[in-house]
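Quick notes on the structure that follows.
There are 4 protein chains.
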Amino acid sequence: MILRDPVHGLVSFETDEQRIVVELLSAREVQRLRRIRQLGLASLAYPGADHTRFSHAVGATHVMVRFIERLRAIHGELPFWQRLTTERARDGLAAALLHDLGHGPYSHLFEEALPGSPRHETWTERIVLDPGTDVHRILHGFDPTLPDRVVALVHGRHELPYLARAVSGTFDVDRCDYLLRDAHFTGVSYGSFDLDWLLRSLRLGSPRGDASGRELAPSLAIDGAKGLPAIESFVLARLFMFQQVYFHKASRASERLVGKILERVSTLLRDGTSVPAVPSALVLQALGAEVPLGEYLDLDDAVMSSALSTWRSARDPILSDLAQRLHTRRLFKGFELYGEHATPEGRARCLAVARDIARNAGFEPDVYVGIDAPSLVAFDDEHDPLTVIFPDGTERKPGDVSFLLGRLRGQTLLRPRLLFPEELREAIVAAVTGNAGTSREERGSE
Amino acid sequence: MILRDPVHGLVSFETDEQRIVVELLSAREVQRLRRIRQLGLASLAYPGADHTRFSHAVGATHVMVRFIERLRAIHGELPFWQRLTTERARDGLAAALLHDLGHGPYSHLFEEALPGSPRHETWTERIVLDPGTDVHRILHGFDPTLPDRVVALVHGRHELPYLARAVSGTFDVDRCDYLLRDAHFTGVSYGSFDLDWLLRSLRLGSPRGDASGRELAPSLAIDGAKGLPAIESFVLARLFMFQQVYFHKASRASERLVGKILERVSTLLRDGTSVPAVPSALVLQALGAEVPLGEYLDLDDAVMSSALSTWRSARDPILSDLAQRLHTRRLFKGFELYGEHATPEGRARCLAVARDIARNAGFEPDVYVGIDAPSLVAFDDEHDPLTVIFPDGTERKPGDVSFLLGRLRGQTLLRPRLLFPEELREAIVAAVTGNAGTSREERGSE
Amino acid sequence: MILRDPVHGLVSFETDEQRIVVELLSAREVQRLRRIRQLGLASLAYPGADHTRFSHAVGATHVMVRFIERLRAIHGELPFWQRLTTERARDGLAAALLHDLGHGPYSHLFEEALPGSPRHETWTERIVLDPGTDVHRILHGFDPTLPDRVVALVHGRHELPYLARAVSGTFDVDRCDYLLRDAHFTGVSYGSFDLDWLLRSLRLGSPRGDASGRELAPSLAIDGAKGLPAIESFVLARLFMFQQVYFHKASRASERLVGKILERVSTLLRDGTSVPAVPSALVLQALGAEVPLGEYLDLDDAVMSSALSTWRSARDPILSDLAQRLHTRRLFKGFELYGEHATPEGRARCLAVARDIARNAGFEPDVYVGIDAPSLVAFDDEHDPLTVIFPDGTERKPGDVSFLLGRLRGQTLLRPRLLFPEELREAIVAAVTGNAGTSREERGSE
Amino acid sequence: MILRDPVHGLVSFETDEQRIVVELLSAREVQRLRRIRQLGLASLAYPGADHTRFSHAVGATHVMVRFIERLRAIHGELPFWQRLTTERARDGLAAALLHDLGHGPYSHLFEEALPGSPRHETWTERIVLDPGTDVHRILHGFDPTLPDRVVALVHGRHELPYLARAVSGTFDVDRCDYLLRDAHFTGVSYGSFDLDWLLRSLRLGSPRGDASGRELAPSLAIDGAKGLPAIESFVLARLFMFQQVYFHKASRASERLVGKILERVSTLLRDGTSVPAVPSALVLQALGAEVPLGEYLDLDDAVMSSALSTWRSARDPILSDLAQRLHTRRLFKGFELYGEHATPEGRARCLAVARDIARNAGFEPDVYVGIDAPSLVAFDDEHDPLTVIFPDGTERKPGDVSFLLGRLRGQTLLRPRLLFPEELREAIVAAVTGNAGTSREERGSE
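Spelled out as structure tokens, the structure:
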């Protein structure tokens, strides 16, 4: 199978080792990812960002093919029992393709909006392990222990630590693909980095023993002579994409809107109010019942979009209002909180002020007003065994040897915003800033 | 309003003249284009190709902004009554944004599959002229005669021929955007051309009189000293995109499959058989009734995708089989016809053979077997007044002065294929080629 | 050795097989290519085009590394004695790196301007075979018969026809690199094509026997199912680069100017007139003496540039005038000949007219006036055994199966121009066109 | 005049206002920049980096055209006497084109290697002000006070502070072009940033009064709502280019080698030793005499390259050895100093050790051994009045509002290295590290 991908160019899965990819691609659970957008509602802000989790899954698998190629170029230094055999490579390929399998429509929204909802990782695990899925059947056909190994690997556990880190680590195949892909489809060029050079910079760390003295396979490392710029630019690409895209005000605001809609539907259902056109998985989840896998898999963006559209004419005035706002793109507005407003006390104060105004204007504050405060650690070399390895064998932490990473490690980017309906903008901004006429609020799309 | 577009970079509509664009973008009928993919089912073959007609409409409008800028850099040579005033620029911007408004889900499929169905141009016209639409209201708010002028311009008619050609001509804003956009999202780099240079190469042709001797504004022309490579590469980009993407075997096969599904639903409805989950626009069209505009606008990719999914369990075995094939991507297979097989007689012979085999295997031939023969005229300088204009004022036809265009003009690219279900591949290929073991059939995705 | 190349990205020569490249790169004769620009005087027209033959040699060798990789992915279908062994790969790498070694300053000018001058291919051969050169010493160190094999391979002869075609054929490593490189450095994007896809499309043709019935290794072929767009876009990239860059009027005019300078110096020397600062290789060549290799290798762009600068104050008025024109960029002007002017008779007539005018204005016609008529066959599949090979094994000529190539094969692009000093432009154009006030002459840089 | 530039695409100077550019481009002193490489000897490390200061001058002027366009889109908010008139725009265009006019061969080497040598800024000033130059004549022809204004502007002084900052400031046209250009020609993609977005983000700061209370025109500012990512990525692009290219070990080592050659020639000349082929500007400078402008302008890369080549056979053994090393690319080797070795004391200790070893091995330590310690302040918002301006009019320092810039401002990147001949590598590394067998020394080209 040869595909043309706008991010990686020519993508091919043609060797015998890669046959598992071709088979898995035809699984219904994988094809379902075609109906789930990678960036949820971000296309409201970035009109090109309609790419799907399917294309990301293909891309991540392609990056894994390249990791495997690189790892084999350097695994000769290991004892043969620590090398990347065909079986282990297959573990990696399957995990790369399936790592996001459990995502629901609009990605993370579901698990966040519905209390008690399993996380997407849990759904991935259920899909892989359920004997009724195509995916399970295919994995099992290759090796009955493969489903379990894939689940472990998706969680970052494998007998080869360097392979585990390739699936789940600072430079894993997931991030490598999604940064480049989201940059390509949003047009935010800052999100690019040099994948060729990054791969070339990969090394194996020093071997280490476990508690019982048994020698373990090494983890991933970065070449100290040539690799630093590659990882620096990767870390920056990630920081830029979070600043520009993942924390984008309109995206966050629309996600909150959908979240509030789901909460509302859930509340209504629990109260015994009937709501039309609710997908059964949502009904069950709202009522605290177990959601069968099949029902969950029936959810996708089209199903949700159709339900959201129907709810515009729901009898509950709040639900219909929220759905109407989403449909006509009258999203919540965000007011960036800086300085003292950004502290926990400042945020609480701003929120209280805004809630009062909302209540007085007839808006239910729990629904219409809130604080959104996404945060990101710019670079963390404490929780990943990743090292930089020099020609003389010395290993150092990246933050110890990189000018840039040394200044970013452990630093947290925080973007707190007060969210509210457009109608209340003037009143809330004036109350918060103590200034009737101005605001530091962003307009436009970026 | 400033947007980031992966194709054109920074896109802005901020001047007073461009305010009409910002207003139209919020119209429900324009926002609906977010739910219609630009390339229909092509993402089955090109996993990145999920971009929407909304992003194309924004892109085409941006290209119009650039056309206007260029035309104003050169319109000084015209008498003032032929220049590009703000009002005329607004005509152009609105027409660029709205030119594809009437597209239904999966683009052209609808009008082709359902006999008597109005074409998407007709729907565009109805939307623009219907007093009930947001689009009409906005246009009318600017100028009561604007809706009519926009409709005329979308059809290529305007008092300024050079503006009319910018909306509908060999290098119109529609083509300029979709070639670059489809290339970006499919990853088919051959579809790129140099838009900067093309715009720079634009000139105004010689003024001409009409029948009554009144001098008309000129049409578009190309600079003879510098412009040829720009138009040559544009023509080739178009040819490549047709060869690679628009005539791609898997896309064409999946479009046929959806077409056959719609035909089947239509037949069943006309026969009085009930089919579940059919959108009302489709029911009305099938029964030969007028489709009200509101019903038509309710159609989008999500609605169709949900219906197609439901039909997998339709009682009619043919309908459920076709829907199941689409869902699991078991598309029709295509066998390229070359040489004598490609002649009208050859095609008829191949089709007859294939129909027999299908019938014997229990497949209804009208549904499961067919010839698909898309064709394209590579370059046509007869039906566009476009000329190449030289420093001394001479005007020539592009095909007369370009080595490449001279060799392509009037030449027709034809890609006939026999389509059939995968199960019949071996038998049909053997019968057609008179060769039991081989076939010239393509595999894979491109 | 790892290099960063703006065209190919990461370029590495690190395997044992590639050690020959690293050694050859340090050879004085190879390092000399750093001082010879790839496009001669084209940077007068394209300000970015200062790249050297050294960077092209590195790039072509990198492309050979990729050809070898691809050929090894498919050579398994051959009997083992026809496969690409390490020794044969080394032949290819050395030939790729050294293929242009004999180029003099300003590339082809030398051999064209000085009658009896050996062609650059001959100089390449002499350098490789001369026991005194670094290159010879290094090749000989690997294998005493290697210098001879490299020379043969540069001329397109090798026991493996598919390797010979990779060095010298329709899609050889030389063209693959120079098209992309010249496009990158001139900014003429039309010169790009998809190298990844081209390599992926490479196949081996059918084996053939020689006269004595011995089976020969096959030549290169193109995959019929997927390869056509790749070769079509390659052929077009080449056509565009010739139209835009290699036949660019200012480049051609400046090359002619340097040619005329060299001719003049040569004439003066033969007449016994002393000319200052003439490199000894040039003196010897002018006098018809053998040029020793060492003298030839001392020539480079810097040496010539310095001599050309000195000649501005030569005593011979024609020489000093020509050198002055070059220095201040008052190049010859070109008048494009179209239609009847472009026929052999038309050209002769135009030339006669221009010579008369020049003579009357006091310019020596043999020096100052001339016809330049570069030509290119757009695509030729007669003189290369290249075929397109289909899944069923059929082989066809590319022009028989490609819409585009079928329309370009055997077609000749001709760009005749009349060249003359700027001072005579008006008079000559008027006389040629029979039109006192106008001309179809290009201005500007492109 | 329209040019094609590989960095900026289509570059045109066609308006009346831009006529000054076209005239200046033909000046001999500007054409001389074609013979001076932008990055000196960096092409030894980056084979594509042969671009010239001429192409950079053209590029910087193009960026100025775009700055002017942007400034005019926003200068409407200023009183009319502070706006960008055609005369002031001409100041900016001329300064952009001429800002680097005084560079000698291999850029900064000259002024650094020869004590008492004027800096290139001084030469620029002399060229612009000298009535005998083409440049002066052309400027004077437009306006007799223009040469003085251009000199002032090149030094960052102008009645319009926002124009002055465009020529010499944190985001000036010089940096905007050279970062993109050097990135394009070296292939170091990290050096790219989004110029469109940067320009779009430009704003005018608040007006300020001078001492006498007169209101001054404002300086440049950055849009707080949208501009931060643009300046962050610019600052990072610069940091990356310094780390990767301008501080590249092989470049710095080769520059030192040429510097030492010039020093040696200078010493020999002062000692009365004759050295062949020394350009007269160099002789005069070495002897402490004034260098006439004409002599200085005769220097270019070709002249120096030819002299360096001649010196390989100089009688002075040190000079000939150094020249030979350069010719065959046996550059000084660099050993990166980290940790305690990087402190002033550590560096002194390393240097002393290395000098001893060199002396014992028969190398003159002053010539063959040294410390190279280039440094860069990553971001400095103290010495530029640049501010970030928010919708409500607040102005803040960039480092106060940007997560990234806040962490980089005032931070100094330092890259100390010990340099020495290759022959001494093992001994010196062992002595410095106290470790006989290993080194942290980089190999290869990057």
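Read top to bottom, the protein sequences are chains U, V, L and E.
Position one of the first sequence corresponds to residue 1 (the working numbering), numbered consecutively onward.
Position one of the second sequence corresponds to residue 1001 (the working numbering), numbered consecutively onward.
Position one of the third sequence corresponds to residue 2001 (the working numbering), numbered consecutively onward.
Position one of the fourth sequence corresponds to residue 3001 (the working numbering), numbered consecutively onward.
Note that beta-carbon positions come from the ideal geometry of N, C-alpha and C, so glycine has one too.
Check residue i in the structure and name its three-state DSSP category.
i, result
"residue 382 of chain U", "coil"
"residue 2377 of chain L", "strand"
"residue 1221 of chain V", "strand"
"residue 192 of chain U", "coil"
"residue 2972 of chain E", "It is not possible to answer for residue 2972 of chain E, since the shown part of chain E is limited to 3001 through 3446."
"residue 1068 of chain V", "helix"
"residue 2037 of chain L", "strand"
"residue 1015 of chain V", "coil"
"residue 212 of chain U", "coil"
"residue 1249 of chain V", "helix"
"residue 1107 of chain V", "strand"
"residue 2446 of chain L", "Residue confidence is low: residue 2446 of chain L scores 37 on pLDDT, short of 50, so the model does not pin down where it sits. No coordinate-derived value is stated."
Apart from the five residues on each side of it in sequence, which residues of its chain come closer than 6 Å, Cβ to Cβ, to residue i?
i, result
"residue 2303 of chain L", "2279"
"residue 1183 of chain V", "1191, 1192"
"residue 1248 of chain V", "1045"
Short of 8 Å in beta carbon distance, which residues of its chain neighbour residue i, apart from the five on each side in sequence? Order them along the chain.
i, result
"residue 1391 of chain V", "1224, 1225"
"residue 3326 of chain E", "3254, 3257, 3258, 3261, 3308"
Just to confirm my understanding: we take residue i, look at its own chain, exclude 5 residues before and 5 after, and list those with CB closer than 7 Å. What are they?
i, result
"residue 1420 of chain V", "1332, 1333, 1354, 1358, 1368, 1369, 1428"
"residue 209 of chain U", "215, 216"
Quick check: the Cα distance between residue i and residue j, rounded to an integer number of angstroms?
i, j, result
"residue 2039 of chain L", "residue 2009 of chain L", "21 Å"
"residue 3187 of chain E", "residue 3245 of chain E", "10 Å"
"residue 449 of chain U", "residue 97 of chain U", "It is not possible to answer for residue 449 of chain U, since the shown part of chain U is limited to 1 through 446."
"residue 1014 of chain V", "residue 2111 of chain L", "59 Å"
"residue 1113 of chain V", "residue 1383 of chain V", "29 Å"
"residue 142 of chain U", "residue 2393 of chain L", "33 Å"
"residue 3268 of chain E", "residue 3258 of chain E", "15 Å"
"residue 235 of chain U", "residue 134 of chain U", "37 Å"
"residue 313 of chain U", "residue 1293 of chain V", "19 Å"
Kindly give me the distance between the Cβ atoms of residue i and residue j, rounded to whole angstroms, as I take these residues to be in contact under 8 Å.
i, j, result
"residue 1389 of chain V", "residue 1203 of chain V", "5 Å"
"residue 3011 of chain E", "residue 3024 of chain E", "15 Å between Cβ atoms; not a contact."
"residue 177 of chain U", "residue 65 of chain U", "Going by Cβ atoms, the distance from residue 177 of chain U to residue 65 of chain U rounds to 12 Å, so no, they are not a contact pair."
May I ask you to check if the CB of residue i is nearer than 7 Å to at least one heavy atom of the ligand ATP?
i, result
"residue 2150 of chain L", "Judged by which ligands are present, the structure shown has none, so any question about the ligand ATP falls away."
Interface residues of the segment 3229-3243 of chain E facing chain U [CB-CB below 8 Å]: 3229, 3232, 3233, 3236, 3239, 3240, 3243
Under 8 Å (Cβ pairs) to chain E, residues found in the segment 399-418 of chain U: 401, 403, 404, 407, 408, 411, 413
Report the residues of the segment 1070-1104 of chain V with a CB closer than 8 Å to any CB of chain E, ordered along the chain. none
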